[in-house]
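*Asks:*
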Amino acid sequence: MPPALLWLRHDLRLADHPALTAAAAQGSVIFLYIQDDASSDWRPGNTSNWWLYQSLTAFAKRMQLVLRRGRPDTVIADVLRQTGAGSLHFTRGYAPQSAAEETRVKAIADAAGVPCHRYGGYLLHEPEAIRNGQGEPYKVFTPFSRACFSRGEPRAPKPVPTFTPWTGDIDSESLSEWNLVPSDPDWAAGFPDYWHPGETGAQQQLSRFADEVLTGYSTSRDFPGVNGTSRLSPHLHFGEISPVQCWHSIRAAAARRHGALDADAEKFLTELLWRDFSWHLLHHVPDLPEKPFRPEFADFPWEANPAGLKAWQKGLTGYPIVDAGMRELWATGFMHNRVRMIAASFLIKHLLIPWQEGEHWFWDTLVDADLANNAASWQWVAGSGADAAPYFRIFNPVLQGEKFDAQGEYVRRWVPELAKLPAQWIHKPWEAPASTLSSAGVVIGKSYPAPVVAHGFARNRALAALKSLKGADA
DNA sequence: TGAAATGTTGGGGCG
DNA sequence: ACGCCCCAACATTTC
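No gaps in the numbering here: position 253 of the first sequence is 253 in our numbering, and each next residue is one more.
1) Closest to Y448 by C-alpha separation, out of L52, L316, A147, would be which residue?
2) What residue range does the alpha helix (DSSP H) around L6 cover?
3) Hey, which unbroken runs of the beta strand (DSSP E) at 3 residues or more fall wholly within the segment 166-212?
4) When you compare only the Cα positions, how much space is there between P397 and R69?
5) Does DSSP classify Y53 as helix, strand or coil?
6) Could you please give me the residues that DSSP links to Y119 through a beta bridge?
7) For T162, collect the residues of the same chain with a Cβ closer than 8 Å to its Cβ; drop the 5 residues on either side in sequence, then sort them by chain order.
8) Give me the Cα-Cα distance between A472 and S345, rounded to the nearest whole angstrom.
9) Indicate the three-state DSSP secondary structure (helix, strand or coil) for L32 in the structure shown.
10) Distance, Cα to Cα, L463 vs Q400?
11) By alpha-carbon positions, which one of I426, V452, A450 ends up nearest to A440?
12) How would you label A474, buried or exposed, when you count the other beta carbons within 10 angstroms and need 16 or more for buried?
13) Do you know offhand how far V213's Cα is from M335's?
14) Considering only residues of the same chain and omitting the five flanking positions on each side of L232, which have a CB-CB separation below 8 Å?
15) Start and end of the beta strand (DSSP E) containing V244?
16) Report, in whole angstroms, the separation of the C-beta atoms of L281 and L371, which I expect to be a contact under 8 Å.
17) What residue range does the beta strand (DSSP E) around R69 cover?
18) Assess contact between the segment 378-392 and the segment 338-358, defined as three or more Cβ pairs (one per stretch) separated by less than 8 Å. Is contact present?
19) Using DSSP with H/G/I as helix, E/B as strand and the rest coil, what is D473?
20) What are the start and end residues of the alpha helix (DSSP H) that includes R475?
21) Where does V114 land, buried or exposed, given buried means 16+ other C-beta within 10 angstroms?
22) Among residues of its own chain, excluding the 5 on either side of F395, which ones have a beta-carbon nearer than 6 Å to its beta-carbon?
23) Any idea if S48 is buried or exposed, counting beta-carbon neighbours within 10 angstroms, 16 or more meaning buried?
24) Note down, one range per segment and in chain order, each alpha helix (DSSP H) of at least 4 residues found wholly within the segment 266-313.
25) Nearest-angstrom Cα distance between Y194 and G133?
26) Under 6 Å Cβ to Cβ from Y391, same chain only, skipping five residues before and after it: list those, please.
27) Kindly identify the DSSP beta-bridge partner or partners of I444.
28) I need the straight-line Cα distance from W51 to G198, nearest angstrom please.
29) Would you say the segment 257-273 touches the segment 216-224, given that touching needs at least three Cβ pairs under 8 Å?
30) Might you give, ordered along the chain, the residues of its own chain that have their beta carbon closer than 8 Å to the beta carbon of H248, omitting 5 neighbours on each side?
31) How many angstroms separate the CA atom of F362 from the CA atom of L123?
32) Let me make sure I understand the geometry here. Which of A99, F149, P192 has the alpha-carbon closest to that of L272?
33) Return the CA-CA distance between A375 and N337, expressed in angstroms with no decimal places.
34) Starting from P137, follow the alpha helix (DSSP H) in both directions and report where the run begins and ends.
35) With a cut-off of 8 Å on the beta carbons, I'd call F90 and A15 a contact; round off their distance for me.
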């Protein structure tokens, strides 16, 4: 029997893998991963590549992995020829270039006379399956999630199939040639303290979340100083675990404890649906990463502010909660969700810097950088997205800090030069009495920056910018 | 998955 | 005892 070729993409796992399950039924399985270096605005960033390297390494320890660089259709044609594979299987993607890429791959498989099969697995629901009464895609999240919930449960997760790994001889590149990980300087040296890429790490994280974090999740997820979030996003992005597995695992945990879906579990399932919502949106609106979904935002009066962008990226804005988030991002490749909203709002509304600048920075620095979630979320904060926050919803970084990091634990962890300040002043050090500052060893403008822009001024400026939009609109 | 301004209410101090 | 004022505390509106 000829082997079956499995083209691996963002599905670096063995469990609940529809394409693998199908391939396993056809013959011994060839695992192929293709690195496509073709230039594009959204090539994975350095942090994504760090994760990819770890994930592929973990995968290759369990299974022989064929590694190739090049265009997927060219590489697959080559591998089909060299292995005599009798079928081709892969998991569908939803990025703007995915459909065309998959069509080209299908064409070469057809030309080779090899049956080509495409499967879901990256999302809970296929974009084609969720439509409103008019047969249109949803543009507002709440009815979208209602439709998903009322549709019934996603399919049951699939076990790891029994299969024979193919053991033939074929050229494979070495991961180290791909230059995926940094060396000098090794800015990722600290990442292994926070992350364990690979399917095993993903499943452990899901268990830990279900056992230790889920209770109270609906409220504690908002407090960045607390271990209150799932931290599953990078695992989901690389497909080390599927959203279907997460869905059923959390639903089952809730059923064991409460006999039903409690508020905490429901909140998490809703977060998974946000992920689907973003991908459906990108599927229908391919230029979502570049252009405002609401066209009137194309005229927004942004400011050129390279110094402000630099300060934001380095975590030197003078607003402790923003700086803590940006430094957590730099140190760990991750930022707490609540702080992402605050930091993004600050860039857009306090500094009037285009949301695309922040989107690119996050794309390069997040371990969970994900085209749809990143684009949809930045547009959500900017007010230009589908179902977006109203533009006038401007976060006050001081109040947000006081509300969600009341004791300042999060700020102390990531902005150590402020660690000795009492909680009362930690989110507004520039207002602290001189004696408090000096006994905490803080010198505003020296050991920690003064605010790059005053909140009251920035708020009024942003509101005026909104008014100008409305004017242009009318 | 806001914040600030403005409006309303009610208790307490005080003449 | 009463009216007046002040001002939290809460509610509503506006951006």
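For every residue, glycine included, the Cβ atom is placed at its ideal position computed from N, Cα and C.
*Replies:* Reading it off the structure:
1) L316
2) Run containing L6: none in the alpha helix (DSSP H); it sits in the beta strand (DSSP E), 4-8.
3) none
4) 45 Å
5) helix
6) T91
7) A24
8) The predicted model places A472 with a pLDDT of 46, which falls under 50 and marks its position as unreliable; any figure quoted below should be read in that light. Between A472 and S345, the C-alpha separation is close to 23 Å.
9) strand
10) 19 Å
11) I426
12) Reliability of the predicted coordinates at A474 is poor, the pLDDT of 32 falling under 50, and the value obtained from them is presented with this limitation in mind. Exposed.
13) 17 Å
14) A202, Q205, L206, F209, I241, C246
15) Counting along the chain, V244 falls outside any beta strand (DSSP E), though it belongs to the alpha helix (DSSP H) covering 243-258.
16) With a Cβ gap of about 11 Å, L281 and L371 do not count as contacting.
17) 65-69
18) yes
19) Residue confidence for D473 is low, a pLDDT of 40 falling below 50, so the modelled location carries little weight; the figure read from the coordinates is stated next. Helix.
20) Residue 475 is absent from the structure shown; the chain starts at 1 and stops at 474.
21) buried
22) I342, S345
23) buried
24) none
25) 44 Å
26) G383, L466
27) Y448
28) 9 Å
29) yes
30) E153, P154, A156, P157
31) 22 Å
32) F149
33) 15 Å
34) Taken as a continuous stretch (DSSP letters only), P137 belongs to no alpha helix (DSSP H), as it is neither H nor E.
35) With 8 Å as the limit, F90 and A15 do not qualify as a contact, their Cβ atoms being about 17 Å apart.
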